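Just so you know, we're using this note's numbering here: the sequence shown kicks off at 1345 and counts up by one.
See below for the structure under consideration.
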Amino acid sequence: MLSRTASDLYWMSRYLERAENLARMLDVSYSLSLMPQDGRGDGLDELAMPLLITGTLDDYLERHGPLHAERMLHFFALDASNPGSIYCCLQAARSNAHAVRGRITADMWENINSSWLEMRGIAEQGLGRYGISRFCEWVKERSHLFRGATFGTIMRGEAYRFIRLGTFIERADNTLRLLDARYEMLGEEIDELEERTARSYYQWSALLRALSSFEAFAEIYRGSPRTRKVAELLLLRPDVPRSLRACMEELNLMLAGLPGENGRPAQRLAAELDARLRYTSIGEVLDEGLHAWLTDFILLVRQLGNTIHTSYLEVA
């Protein structure tokens, strides 16, 4: 497969996954901003969380000035001039898909093309009329439909593997950043009493719902969400689809199945990260410090993404 084709497939799926993750992030922040703030502000800090996580806060402030709920929602969701918006992610995904129409199935193309056409209509209508929660659910639904079409119709060859690589490298990064942001918002020092407060309960519950892991948590653990349990679920459980461990297992599997010698650095790094998670306990993570551990792994996931790019996607 040509490097250009592999790159388009990889970034097509990565942008689609990013759009879904942004929608999940925005939905939970918007929901939490509507709750009583317990003297912690008017909800703008919560709405600004997606901007902080994605590194677009400075860009927003430069262009729009002080934080304002309606402007922030538009900037993050539908702003065509913001490269980090959901709108631009779907636009980029559709552009990549168009470039590789011969390597994806008709069902996949029709799904992503119709999603882009609907997005343009929503942008013309505006979030005020369409509804922010409805918009976030629509983005997630379109992403689910595309993954379903991909899994159900495409051959299990190189194209499939590069699509899966893009999905799971983006998902791993998102899980790490969301967990770190929520942990930081609750504070580095979280004792047993604080973990039983209503604020802590709703913060952790919102995070679990954002990652479609609330039901899994309720099935595996007893009691309210707490730092140790939530971190173990989202980092080390291989049976939770959006956990870091599940993402790394899939990345390792997809890379191991790609032919050629050029990919050895990426394959080796993925295998090392997979083994690290497989043999790490949550106690070891917390002893190191959750924030420090997450920061370190965010850099490792970025390094893996760069190595995949160097190994497979650079155009000679």
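Even glycine gets a Cβ: it sits at the ideal position worked out from N, Cα and C.
Every value quoted in this text rests on a predicted model; they were computed, and no experiment measured them.
Check your understanding: Using DSSP with H/G/I as helix, E/B as strand and the rest coil, what is residue 1635?
Key -> Here residue 1635 is taken as the residue at index 291 of the sequence shown, counted from 1. In the three-state DSSP reduction, residue 1635 falls in the helix class (H, G or I).
Check your understanding: If you draw a straight line from the alpha carbon of residue 1400 to that of residue 1428, how long is it in whole angstroms?
Key -> Numbered from 1 along the sequence shown, position 56 holds the residue referred to as residue 1400. Numbered from 1 along the sequence shown, position 84 holds the residue referred to as residue 1428. Their backbone Cα atoms lie some 7 angstroms apart in a straight line.
Review point. Just checking, does the segment 1635 to 1642 make contact with the segment 1593 to 1610 on the three C-beta pairs under 8 angstroms criterion?
Key: no
Check your understanding: Exposed or buried, what is residue 1368 when buried is set at 16 or more other beta-carbons lying within 10 Å of its beta-carbon?
Key -> In the sequence shown, the residue the question calls residue 1368 occupies position 24. So residue 1368 counts as buried.
Review point. What do you reckon, are the CB atoms on residue 1355 and residue 1440 nearer than 8 angstroms?
Key: Position 11 of the sequence shown, counted from the start, is the residue given in the question as residue 1355. Position 96 of the sequence shown, counted from the start, is the residue given in the question as residue 1440. Yes. Within cutoff.
Practice item. State the start and end residues of the unbroken alpha helix (DSSP H) segment that holds residue 1379. Key: In the sequence shown, counting from the first residue as 1, residue 1379 sits at position 35. It is not in any alpha helix (DSSP H) - residue 1379 carries neither H nor E in the DSSP assignment.
Check your understanding: Should the segment 1517 to 1533 be called in touch with the segment 1583 to 1593, which here means at least 3 C-beta pairs below 8 angstroms?
Key -> yes
Point to revise | CB contact flag (residue 1648, residue 1513, <8 angstroms) | key: For this step, residue 1648 is matched to residue 304 along the sequence shown. For this step, residue 1513 is matched to residue 169 along the sequence shown. Yes. Within cutoff.
Check your understanding: So which of 1402, 1431, 1372 has the shortest CA-CA distance to residue 1359?
Key -> Looking up residue 1359 in the sequence shown gives position 15. Check the Cα spacing between residue 1359 and each of 1402, 1431, 1372: the tightest is with 1431.
Exercise for review: Enumerate in chain order the residues of its own chain whose CB-to-CB distance from residue 1569 is below 7 angstroms, with the five nearest sequence positions on each side excluded.
Suggested key: Position 225 of the sequence shown holds residue 1569. Once the five neighbours on either side are set aside, the close Cβ partners of residue 1569 are 1545, 1548, 1549, 1552, 1561.
Check your understanding: Among residues of its own chain, excluding the 5 on either side of residue 1505, which ones have a beta-carbon nearer than 7 angstroms to its beta-carbon?
Key -> For this step, residue 1505 is matched to residue 161 along the sequence shown. The residues 1598, 1601, 1602, in chain order, have a CB closer than 7 angstroms to that of residue 1505 in the same chain once the five nearest residues on each side in sequence are set aside.
Check your understanding: Given residue 1365, which residues of its chain have a CB within under 6 angstroms of its CB, disregarding the five upstream and five downstream residues?
Key -> The residue labelled residue 1365 in the question sits at position 21 within the sequence shown. Only 1518 meet the Cβ criterion.
Exercise for review: For residue 1535, count neighbouring Cβ atoms within 10 angstroms of its own Cβ and tell me buried if that reaches 16, exposed if not.
Suggested key: Working through the sequence shown from its first residue, we reach residue 1535 at position 191. Unreliable placement is indicated for residue 1535, whose pLDDT of 46 sits below 50; the coordinate value is still reported in the next sentence. Residue 1535 is exposed by the Cβ-count criterion.
Check your understanding: Taking the alpha-carbon positions, what's the residue 1596 to residue 1615 distance?
Key -> Looking up residue 1596 in the sequence shown gives position 252. Looking up residue 1615 in the sequence shown gives position 271. Cα to Cα, the separation comes out at about 6 angstroms.
Review point. Over what stretch of residues does the alpha helix (DSSP H) that includes residue 1618 continue unbroken?
Key: As a position in the sequence shown, residue 1618 is number 274, starting the count at 1. Boundaries of the alpha helix (DSSP H) harbouring residue 1618: 1608 to 1622, taken from the DSSP string.
Practice item. Just the C-alpha distance for residue 1438 and residue 1458, rounded to the nearest angstrom, thanks. Key: Taking the first residue of the sequence shown as 1, we reach residue 1438 at position 94. Taking the first residue of the sequence shown as 1, we reach residue 1458 at position 114. Straight-line Cα distance between these residues: approximately 9 angstroms.
Practice item. Answer with buried or exposed for residue 1594, where buried requires no fewer than 16 other C-beta atoms within 10 angstroms of its C-beta. Key: As a position in the sequence shown, residue 1594 is number 250, starting the count at 1. That one is buried.
Review point. Roughly how many whole angstroms lie between the Cα atoms of residue 1502 and residue 1510?
Key: Translated into the one-based positions of the sequence shown, residue 1502 becomes position 158. Translated into the one-based positions of the sequence shown, residue 1510 becomes position 166. Those two C-alpha atoms are separated by around 13 angstroms.
Check your understanding: Nearest to residue 1591 by alpha carbon, out of 1496, 1641, 1462, 1563?
Key -> Residue 1591 sits at position 247 when you count from the first residue of the sequence shown. Among 1496, 1641, 1462, 1563, the Cα nearest to that of residue 1591 is on 1641.
Check your understanding: To the nearest angstrom, how far is it from the Cα of residue 1374 to the Cα of residue 1404?
Key -> In the sequence shown, counting from the first residue as 1, residue 1374 sits at position 30. In the sequence shown, counting from the first residue as 1, residue 1404 sits at position 60. Using only the alpha carbons, I get a separation of about 17 angstroms.
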